[in-house]
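In the working numbering, the protein residues as written are 25 to 196.
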Amino acid sequence: AYVATCKTLFYFFPQRFTSILSHVGYYEYASAFAKKKLSNIKHNHKQHIILMLGLLIIFLIGSITLGPFIYNLWLNNRFDLSFILLLLIIFDVSIYSLKSSVIILLSSLNKNFTINIIELIIMLIAMLISYYLLSLGYSFIFNFLIILIGSFFTFIISILLMNRFYKNVSSY
């Protein structure tokens, strides 16, 4: 129950909020791409990433400063929130949301198969490593750390794939 409540408040809620903001742009990116408005797409994409980055910075600062208070208020002090767990969860959702903002153009054009397969492989490897470490008696906190590292690798690969996409598109 402890991990589920932490993830509900600090992972699923912010992830849902940022995905709602991002989904608004799917049609707009696809429409602009069909009309070959590449400079408009690049400008809007950069602005989208900057907006999401700003929101995530506010989320990170708010979660670090007010998160434990809100968590205890929400659950009437039933659980003692681990600050390390809080940090791992909020950094993971922030990286995930930022990665989604980076690849929103690929997603709107249904060209996100490659990054999704890469993310699946990285997360499967992370889960196998986590399972192994848990079987050795390591804390469940290591599971969240490994997932965070996997999310970071996926984020870096997303940036590289997005840059490759822009280079390929600019050659049209």
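Note that beta-carbon positions come from the ideal geometry of N, C-alpha and C, so glycine has one too.
For residue i, the first and last residue of its enclosing alpha helix (DSSP H)
i   : result
N96 : 62-98
Y50 : 49-58
Buried versus exposed, by CB contacts within 10 Å (16 or more), residue i
i   : result
V48 : exposed
Among the options, the one whose alpha carbon lies nearest that of residue i
i    : options                : result
T42  : S132, L122, M186, F168 : L122
L75  : V126, S55, I139        : V126
L133 : K59, A28, R40          : K59
F204 : T29, K70, S118, S159   : In the structure as shown, the chain starts at 25 and stops at 196, and residue 204 therefore has no counterpart that could be examined.
F179 : I85, L111, A28, I128   : I128
I149 : F115, L172, S106, Y120 : L172
F83  : S106, F36, L97, K70    : F36
K66  : G78, Y53, L77          : Y53
Inter-residue Cα distance where the pair is residue i and residue j
i    : j    : result
L99  : P92  : 11 angstroms
I153 : M186 : 28 angstroms
E143 : Y156 : 20 angstroms
R40  : I146 : 22 angstroms
Y50  : A28  : 30 angstroms
Worksheet item: What alpha helix (DSSP H) runs, 4 residues minimum, are completely inside the stretch 156-183?
Response: As far as the stretch 156-183 is concerned, it has no whole alpha helix (DSSP H) run of at least 4 residues.
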